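Remarks on the structure that follows.
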Amino acid sequence: SLPDSVRLFEMSPRDGLQNESGTLVPTATKISLIERLADAGMTHIEAASFVSPKWVPQMGDASDVMTGIRRKEGVVYSALTPNLKGLEGAIAANVEEVAVFAAASEAFSQKNINCSIAESLQRFEPVMARASEAGVRVRGYVSCVLGCPYEGDIEPERVAEVAKALLDLGCYEISLGDTIGVGTPLKAKRMLEAVNRQVPMGQLAAHFHDTYGQALANLYAVLEEGISVIDASTAGLGGCPYAKGASGNVATEDVLYLLEGLGINTGIDLQAVIDTGYWITAELGRTPGSRVAQAKGPC
Ligand code: HMG
Ligand code: MG
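Take any residue in the sequence shown, note its place counting from 1, add 1, and you have its number in UniProt numbering.
Structure (structure tokens):
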């Protein structure tokens, strides 16, 4: 059965903008995006990424972004931290929640964070300890849960193992990433069932990219299984620098329209998100990748 309410985790400032190649998006634009999203009613915003600027130049101003935003009461602003160096940067910038990210595919783990899955989990141990000491909550991601750009199909049991390892390390929630958007509803459901044998449903989130146009269908399938946390990106911004051809997360506007139609509450103002999507894509020289935004238009 479907949940009564869904918590949306907004990804556009991080998963969205990290993939913008060419010119760097100005720090002030990133800050303005985050503030507009909070004003639209978002309560969870992944705002930046404390990764190596050699690997992801677009996230090189993470400290300035995190210290520059006007923080709104009741909103969690989080950041990716792949290692201790990243976490220390995040703590210095007053970040209250961070995320570590592992993969269910060995090849993707090497391409994305330059180490094996086992090494990454080991690397997260001191990160978890330091975060706990600093009172910082940690979310965990598993990438390639429905397929890998290098290895193809991924066994659901592989995903479950990595998700369980992140839970055991102390992550409060595990977000399941269909990094390259290849999943279909039945596959998504089977993967989730395998993971749920190891991790309680209330600690899982769906992070689906829309490369093959299946993300909304996949979300409906996992909502029926009991998922109540969804990662999405305004205007469908994004992709992954280490997954060629991958498009952005499912568009927030499209998810909101789906949820409103199902009578599921999020507390987010759809029109305000649509307007924010038109604004940020104009800044980037494009139009929103959301079908709902295209249909409704800016106000
Ligand atoms: P490495 O090269 O193995 O690391 O990279 P290293 O420890 O050998 O350090 C190399 C250099 O990077 C050193 O600098 C370090 O100081 C620096 P140098 O001495 O050469 O001048 N460095 C850092 N600088 C700033 N912040 C840091 C940091 N760490 C090291 N935190 C590393 C390993 C993990 C750092 C690198 O591979 C990396 O940054 N990877 C990030 C990749 C990334 O951001 N990918 C996209 C996000 S994941 C994603 O999108 C998937 C997700 O959305 C879910 C889904 O869709 O599936 C979450
Ligand atoms: Mg992603």
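All C-beta atoms, glycine included, are put in the ideal place defined by N, C-alpha and C. All of these numbers come straight from a predicted model, not from anything done at the bench.
Quick one: what's residue i bridged to in DSSP?
i, result
"Leu260", "BP columns for Leu260 are empty, so no partner."
"Glu98", "Ser79, Arg138"
"Val143", "Ala103, Leu177"
"Cys149", "Gly153"
"Arg131", "Beta-bridge pairing links Arg131 to no other residue."
"Asp232", "Phe10, His208"
I want to check one thing, is the minimum distance from the CB of residue i to the heavy atoms of the ligand HMG below 8 Å?
i, result
"Pro14", "no"
"Met67", "no"
"Asn197", "no"
"Gly153", "no"
"His208", "yes"
"residue 303", "This structure leaves residue 303 out entirely; the chain is present only between 2 and 300."
"Leu81", "yes"
"Asn84", "yes"
If residue i and residue j are in contact, beta carbons under 8 Å, what's the gap, nearest whole angstrom?
i, j, result
"Ala103", "Ser117", "Not really, about 10 Å apart at Cβ, beyond 8 Å."
"Val66", "Thr28", "6 Å"
"Ile275", "Glu254", "5 Å"
"Thr82", "Ala100", "7 Å"
"Asn250", "Asp16", "6 Å"
"Gln204", "Ile175", "6 Å"
Just how far apart, CA to CA, sit residue i and residue j?
i, j, result
"Val128", "Pro299", "42 Å"
"Pro58", "Asn20", "9 Å"
"Val256", "Cys149", "24 Å"
"His208", "Ile114", "19 Å"
"Val139", "Asn84", "12 Å"
"Val200", "Lys165", "6 Å"
"Leu34", "Val196", "34 Å"
"Glu158", "Ile181", "19 Å"
"Thr277", "Met43", "12 Å"
For residue i, count neighbouring C-beta atoms within 10 Å of its own C-beta (all shown protein chains included) and say buried if the count is 16 or more, exposed if not.
i, result
"Gly87", "buried"
"Tyr173", "exposed"
"Gln215", "buried"
"Ala130", "exposed"
"Leu187", "exposed"
"Glu194", "exposed"
"Gly290", "buried"
"Gly61", "buried"
"Ala283", "exposed"
Any chance the CB of residue i is under 8 Å from a heavy atom of the ligand MG?
i, result
"Thr253", "no"
"Ser248", "no"
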